[in-house]
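In UniProt numbering, the protein residues as written are 1 to 922. Take a look at the structure below.
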């Protein structure tokens, strides 16, 4: 199913159609292989608090009469108890109460949830069951038919008003542990902290005293337990609620609940059952218990799943239970979660997408309510015939551009008679000679189209001269973290001598301090010096770096610092210095691998820890007094930039540019002889082999740890033999330098000089920087970086004609859970610049996401598509790679990016000047 946005529908339809044709993800394309004999039931899910934001659902109110009517009905039912208007609150009118009070938030969310349910029902989507979370159960009870609207409105209004007496005395938080895992950690704080809700396998909510929760949050940070504070100042589902018991019994004494017409599965712990709730029990005491007891949401969902496949529709201004639901459904075939509205996205678009998702899962809406007067067309079940049928345009549109369009359409179809017809040559004897001309024009058009597609994928990092902001500044104090041996560095002594009251140093040895000790040291010294920020010099090159294969001392020190800094709870900005981490022009020395790796890691730190990440500054080889002054200005004056390089001729900021193909290049790169491919069992390996064989390589050596024993590699070899290429599959550990040297020597002995090497081996370990272990970091890093170093060492005496080292866009702009991978690819890109400086023809393409990605999970691919990072086919990837080789590129990023989507997400929590030059793409 395709959905169109409210703006630019034609352009987005074309993008969606292209994505559908290429089997690529797109936010406007909903796909699912629906089996009609296995229908899933529909469950309406009504969440509790947390989805609210200003002007939510106002677009639906303006454009969907059924939604507006239902919301107005709720408004009238609530008004006797609230005295204010929901519509005025949503539109932020002057007399409306603010949307930060619990007695406003809950009635407004109730009305929106009810209106969303009525809107879906008007489109033919009706629930087979309903589930409500906390206050969401009030809306669920109304939709299920258990309560009339006026009584449901009374419950949500009076109960939320009662909660105001608890405001300021409680707190709540979400912890990513199971209840069983959480209990031992929570024991010292019991009963001041208790479990308030169990939303999913590892989605547990705590509630209780603010001081106790602050202490427990600090404990979690020191024990690497993910905890997130919820923005409320009361403690529902905890003993705090008990003081409201009698008040709620009196206020709601006249409720008259009825048997539900739609099954309602309770989330109240004491009422749990494998059967739908007897809703006649939903009296005043039930609604008190609903507020007091822990929410057993996970139990209700697993009860439904035991009955078969279900589609869960979250009715809310923003999905707050979708993550917990998705985790619960992880191993449940035929189940899915469908959000209705999403914060910061247009209501009409997200509702259309929800209906499309429901349609593809077998819950077809009533299309006549969506498109009154429209007709439906039955598509043929046989394959399309791909025969041209000309449509006669209205006379007013027949002009030169129309005729020209017909000509190119005829050329693209390859129909010589159609070309002759457009040219008026159908009866001319010369028409017979058009065949070769049409074929040549087809080829030219294909190349032009390919060039256009490839050109849009190409980006390159550049450096722009900037002037530093020098706003009037208050004196600041900065803590400078150094290794003991760095204290005598001349530039550092100059900094301390010039600004003795603003900079003080602390020498730390990350090899001797464990993570908790380093975090404690950071807190102690930051407090002792009353710091405004922290500057790390730990990443600067160490004299032993050139003797170490793999992660440098500076990189490992930086990793340890970042992890401890996150644990410490400090919110001061953390800046890092490098030397050799940036190459502004080809005239500068090549990148230093260990320093470039720190820049790669830094891109991911910025995304995972935007609240305290300061930035990166690359120093020249011998910093001058002017450089020291500039560094002082960068740190002590507010700057819009966070990725800078200091050079004798000024300060430069890192920028990403579109890298258009040169218009006049004539070079065509072709392989010949023997080609070596690493990572043949990884996602891109087989495609590389096919591409090289088709391009002219006569013998392909296929390397991986298991290549010689892998049945898929054997099958690939047969395929390559069929097109005339010889093959040799070799199992080798690329991190073993002696073994790699032996393999290269044997290849040369058997097949002569090596023409082309493609290093595509990868080990993508997905883990947040805060959670990655040193062993995991080394595993990801060494497979990429050390493998490249070992290949270079083995090839040094007889370099290949071409050396291609695959990199990743993670090194360009970062990636959450990809810190180690981004660092390793920064290392690889530095090696590429070093090879270039030694005369090698070396290229490092930093790839976005391939359509046949076998490493990244589907959920991650879907997420990337939602934020604007689209997949492209292997065919497009190799066309782009060919163009890079033709253009003699060194470092290039190849990615299909929707910059409007991407920048919206990428800059949500902080600005990213890196993308400034791409603003024209939005």
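Heads up, the beta-carbon is just placed ideally off N, CA and C, and yes, glycines get one too.
Q) Secondary structure at residue 771, three-state DSSP: helix, strand or coil? A) Along the chain shown, read from residue 1 onward, the residue named residue 771 stands at position 771. Here DSSP, grouped into helix, strand and coil, assigns residue 771 to coil.
Q: Compare the beta carbon distance of residue 279 and residue 255 with 7 angstroms and say whether it is the shorter of the two.
A: Against the chain shown, residue 279 aligns to sequence position 279. Against the chain shown, residue 255 aligns to sequence position 255. Not a contact, by the Cβ cut-off of 7 angstroms.
Q: Go through its chain and collect everything with a Cβ distance to residue 584's Cβ below 8 angstroms, but skip five positions before and after it.
A: Locating residue 584 in the chain shown gives position 584, counting from the first residue. If we look at residue 584 and ignore the five residues flanking it on each side, its Cβ neighbours are 463, 645, 647, 652.
Q | Residue burial classification, residue 862 (beta-carbon count within 10 angstroms, cutoff 16) | A | Position 862 of the chain shown holds residue 862. Burial call: exposed.
**Q.** Cβ shell of residue 482 (< 6 angstroms), same chain only, five flanking positions each side left out
**A.** Looking up residue 482 in the chain shown gives position 482. Correct list, in chain order: 505, 507, 537.
Q) Given 8 angstroms as the limit, is there contact between the segment 312-321 and the segment 286-294, that is, 3 or more CB pairs closer than that? A) Not touching, per the Cβ criterion.
Q: Take residue 266 and list the residues in its own chain whose beta-carbon comes closer than 6 angstroms to its own, dropping the five residues that flank it on each side.
A: Looking up residue 266 in the chain shown gives position 266. Excluding five sequence positions before and after residue 266, the CB atoms of its chain that fall closer than 6 angstroms to its own CB belong to 277, given in chain order.
(Q) Just to check my reading of the structure: residue 726 and residue 635 have Cβ atoms closer than 8 angstroms, yes? What is that Cβ distance to the nearest angstrom? (A) For the purposes of this step, residue 726 is taken as residue 726 along the chain shown, with counting starting at 1. For the purposes of this step, residue 635 is taken as residue 635 along the chain shown, with counting starting at 1. The pair is not a contact, with the Cβ atoms about 59 angstroms apart (cut-off 8 angstroms).
Q: Express the C-alpha separation of residue 772 and residue 798 in angstroms, rounding to a whole number.
A: Along the chain shown, one-based indexing puts residue 798 at 798. Along the chain shown, one-based indexing puts residue 772 at 772. Their Cα atoms are separated by approximately 38 angstroms.
Q | Neighbourhood of residue 140 by C-beta, 8 angstroms cutoff - its chain only, sequence neighbours within 5 removed | A | What you label residue 140 is simply residue 140 of the chain shown in a count that begins at 1. Only 44, 46, 130, 131, 132, 264 meet the Cβ criterion.
(Q) At 3 residues or longer, what runs of the beta strand (DSSP E) sit wholly inside the segment 711-775? (A) Within the segment 711-775, the complete beta strand (DSSP E) segments of 3 residues or longer fall at 726-731, 754-759, listed in chain order.
Q: For the beta strand (DSSP E) holding residue 282, just list the boundary residues, first then last.
A: Position 282 of the chain shown holds residue 282. Here residue 282 belongs to no beta strand (DSSP E), and DSSP marks it neither H nor E.
Q: Could you pull the start and end residues of the beta strand (DSSP E) that residue 503 belongs to?
A: Numbered from 1 along the chain shown, position 503 holds the residue referred to as residue 503. Residue 503 -> beta strand (DSSP E) spans 503-507.
Q: Kindly identify the DSSP beta-bridge partner or partners of residue 557.
A: Against the chain shown, residue 557 aligns to sequence position 557. DSSP lists no partner for residue 557.
Q. Would you report the Cα separation of residue 687 and residue 435, rounded to the nearest angstrom?
A. Within the chain shown, residue 687 is the residue found at index 687, counting from 1. Within the chain shown, residue 435 is the residue found at index 435, counting from 1. Take the alpha-carbon of residue 687 and the one of residue 435: they are about 33 angstroms apart.
Q. Would residue 333 be called buried (16 or more neighbouring beta carbons within 10 Å of its own) or exposed?
A. Locating residue 333 in the chain shown gives position 333, counting from the first residue. Label assigned to residue 333: exposed.
Q) How would you label residue 774, buried or exposed, when you count the other beta carbons within 10 angstroms and need 16 or more for buried? A) Start at 1 with the first residue of the chain shown, and residue 774 comes out as number 774. Classification for residue 774: exposed.
Q.
Which of the three DSSP states is assigned to residue 107 in this structure?
A. Indexing the chain shown from 1 puts residue 107 at position 107. In the three-state reduction of the DSSP assignment, residue 107 falls in the helix class, which pools H, G and I.
Q. Who are the Cβ neighbours of residue 794 in its own chain at under 7 angstroms, not counting the five residues just before and after it?
A. As a position in the chain shown, residue 794 is number 794, starting the count at 1. Taken in chain order, the residues that qualify are 740, 741, 744.
Q) What is the rounded straight-line gap between the Cα of residue 242 and the Cα of residue 581? A) Within the chain shown, the letter at position 242 stands for residue 242. Within the chain shown, the letter at position 581 stands for residue 581. Each residue's alpha carbon lies about 59 angstroms from the other.
Q: Identify whether residue 185 lies in helix, strand or coil by the three-state DSSP scheme.
A: One-based indexing of the chain shown puts residue 185 at position 185. Helix at residue 185.
Q) Going by alpha carbons, who is nearest to residue 122 out of 171, 565, 64, 136? A) For the purposes of this step, residue 122 is identified with residue 122 of the chain shown, where counting begins at 1. With distances taken between CA atoms, residue 122 lies nearest to 64 out of 171, 565, 64, 136.
Q: Measure from the alpha carbon of residue 298 to the alpha carbon of each residue in 339, 420, 202, 501, then state which is nearest.
A: By one-based count along the chain shown, residue 298 stands at place 298. The residue with the shortest Cα to Cα distance from residue 298 is 202.
Q: Identify whether residue 641 lies in helix, strand or coil by the three-state DSSP scheme.
A: Looking up residue 641 in the chain shown gives position 641. Residue state, collapsed to three classes: coil.
Q. In terms of alpha-carbon separation, which member of 800, 359, 237, 260 lies closest to residue 270?
A. As a first step, residue 270 is located in the chain shown; it is residue number 270 there, counting from the start. Checking every option, the nearest Cα to that of residue 270 belongs to 237.
Q. Can you tell which of 817, 834, 658, 784 has its C-alpha closest to the C-alpha of residue 893?
A. Numbered from its first residue, the chain shown carries residue 893 at position 893. The option with the nearest alpha carbon to residue 893 is 658.
Q | Presumed contact (8 angstroms Cβ cut-off) between residue 755 and residue 823, rounded CB distance | A | Position 755 of the chain shown holds residue 755. Position 823 of the chain shown holds residue 823. Contact annotation, residue 755 with residue 823: C-beta distance approximately 31 angstroms; criterion of less than 8 angstroms not satisfied.
Q: Jot down the residue ranges of each uninterrupted beta strand (DSSP E) in the segment 263-334, minimum 3 residues, whole runs only, in chain order.
A: Within the segment 263-334, the complete beta strand (DSSP E) runs of at least 3 residues are 310-314.
**Q.** Alpha-carbon spacing of residue 629 relative to residue 623, whole angstroms
**A.** Reading the chain shown from its first residue, position 629 is the one you call residue 629. Reading the chain shown from its first residue, position 623 is the one you call residue 623. C-alpha separation (whole angstroms): 10 angstroms.
Q | C-beta contact flag for residue 867 and residue 905 at 7 angstroms | A | The residue given as residue 867 occupies position 867 in the chain shown. The residue given as residue 905 occupies position 905 in the chain shown. A distance below 7 angstroms separates the beta carbons of residue 867 and residue 905.
Q.
Quick check: what's the CA-CA separation for residue 230 versus residue 173?
A. Taking the first residue of the chain shown as 1, we reach residue 230 at position 230. Taking the first residue of the chain shown as 1, we reach residue 173 at position 173. Cα to Cα, the separation comes out at about 5 angstroms.
(Q) Just to confirm before moving on: does the CB-CB distance between residue 692 and residue 730 stay below 7 angstroms? (A) Taking the chain shown and counting its residues from 1, the one referred to as residue 692 is at position 692. Taking the chain shown and counting its residues from 1, the one referred to as residue 730 is at position 730. Cβ atoms of residue 692 and residue 730: not closer than 7 angstroms.
**Q.** Buried versus exposed, by CB contacts within 10 Å (16 or more), residue 349
**A.** Within the chain shown, numbered from 1, the residue matching residue 349 stands at position 349. Answer is buried; the Cβ neighbour count reaches 16.
Q) Would DSSP call residue 898 helix, strand or coil? A) Taking the first residue of the chain shown as position 1, residue 898 is located at position 898. Shown here, residue 898 sits in coil according to DSSP, grouped into three states, outside any helix or strand.
Q: Report buried or exposed for residue 699, applying the criterion of at least 16 other Cβ atoms within 10 angstroms of its Cβ.
A: By one-based count along the chain shown, residue 699 stands at place 699. So residue 699 ends up on the buried side.
Q. How should residue 190 be labelled, buried or exposed, when 16 other C-beta atoms within 10 angstroms of its C-beta is the threshold for buried?
A. On the chain shown, position 190 is the one that residue 190 refers to. Using a 10 angstroms sphere on the CB of residue 190, the tally of other CB atoms stays under 16, which defines it as exposed.
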